[in-house]
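Residue numbering for the sequence shown follows our numbering, beginning at 271 and increasing consecutively. All residues carry an ideal CB built from backbone N, CA and C; glycine is no exception. Presented below is the structure to which this report refers.
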Amino acid sequence: MNPIRVIRPVLALLVIGMLSGCALLPEVEVDRSTDGQPTPTPIPTAIVPVRPTYTVQRGNVVDELEFSARISPVVEEELFFRAGGRVESVFSRRNDIVEAGTVIASLEIEGLLRSMEAAEFDLERAQMRLQQAEDDLAYQVRVAETNLEIARIQLDSLRSETFPDNTAIAIQEKQIELAELALARQQEGVDPLIISDVESAQQTAHRIAAEISETQVIAPFDGQILSLALTPGQQIDAYRPVVTFAEIENLEAKADLISTQMDRLSEGMQTDVSLVNRPGVDLSGEIRQLPYPYGSGGSGTTVDDLDRSTRITIHESPTEAGFNLGDLVRINVILQEKDSVLWLPPQALRVFDGRRFALVQEEDAQRRVDVTVGIQTQERVEILDGLEEGQVVVGP
């Protein structure tokens, strides 16, 4: 078969298909009204944003610091065992109010208790011997005093005879000396060894009692148990806090602040206090203590100095003001305040390369003016120099 005869029909079919496809495309009208050339599409004009403007005003500028705090006890301590061991008994629970000296919990101390019983028995026997010795001594002193008195009477009798016997008188005088020596001997007191035995027994009992106290958590004053993490049978390490104990009669506000806040505060500053759960109730207070190094609070070098909180005394009593332990309060401290000064909002000013300035609008022109500022807050900046009241400033 001739290949040319085969190719010709195929080419004819391809040409017909291409012509048919072009016929299906829509016609595009071209505007050639202007010199026969297509009209260009216009480019939209860019929208220029309008910058905000601010007017220099006169008014009050107040720099204040506000933070949250909790009502807490003025006196609060972490209690712990001074010896390690296993918890035997827990006598109190959380929120219990106990008196000073109350044993809150104790460790297993069977050996110490037996030693204490033996020490108390030895002390009792030593005290009984001392008492007996003192009773005997009192009797012997009385006998010696009586013998001395008799000897003096006999001497007086010998001297009063019509014909005194000088020898008898001399002998009687010696008898008086012997009676005086006997009395002086008795007046020296009880045998020191007996007293020493009592003192030794007392020291032993006191030492064991101190060891027992180290295995007990004892309330240091009248107060309330705020937290307690103890169960019988629990193994406890010495000096690990297990009870938070507080005197709940005296309350104050307690806040945990960051360094940038404490840098702006000082002890003795007056504060406004508002109760979150009682809107509209305004109280007054004073910053009593800031932590080291911002104030006189603990330095953190001992267990008792670990409190890093800021303490605010509330002038009103809990009863008259209606606040309780744990209540949330808001503290407001006025750091600086000036009346009738020029001010602008912070966003009206510009800073470049350490230079603070404002862009002042003057009719159709704008002029840069260096500005000196004073008090700065989130809402207002005091203008000390550079601007006048009523001037309009263009924002960035």
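- Fully enclosed alpha helix (DSSP H) runs of no fewer than 4 residues occupy 588-591 of the segment 579-606, in order along the chain.
- Contact annotation: Pro616 and Val651 have beta-carbon atoms nearer than 8 Å.
- Residue burial is scored here from C-beta neighbours: Lys444 has fewer than 16 other C-beta atoms within 10 angstroms and is therefore classed as exposed.
- Ala375 counts as buried, since no fewer than 16 other beta carbons sit within 10 angstroms of its beta carbon.
- Ser497 and Val513 do touch by the CB rule: their CB atoms are close to 7 Å apart, below 8 Å.
- Counting only the Cα atoms, Glu419 lies some 21 Å from Asp435.
- In the structure shown, Arg364 falls within a coil segment according to DSSP collapsed to helix, strand and coil.
- DSSP places Asn547 in the coil class of the three-state scheme, outside both helix and strand.
- In the three-state reduction of the DSSP assignment, Gln424 falls in the helix class, which pools H, G and I.
- Counting along the chain, the unbroken beta strand (DSSP E) around Leu349 starts and ends at Gln327 to Leu349.
- No Cβ-Cβ contact shorter than 8 Å links Ala471 with Ala591.
- When only Cα atoms are considered, Glu607 and Asn594 end up about 32 Å apart.
- Secondary structure of Glu431 (DSSP, three-state): coil.
- Nearest to Leu393 by C-alpha distance, out of Leu629, Ala475, Glu458 and Leu453, is Ala475.
- Scanning Ala438, Ala499, Glu633 and Ile341 for the CA closest to the CA of Asn547 turns up Ile341.
- With a threshold of 16 other beta carbon atoms within 10 Å, Phe515 meets it and is buried.
- Nearest C-alpha to Arg638 among Val411, Ser427 and Arg625: Arg625.
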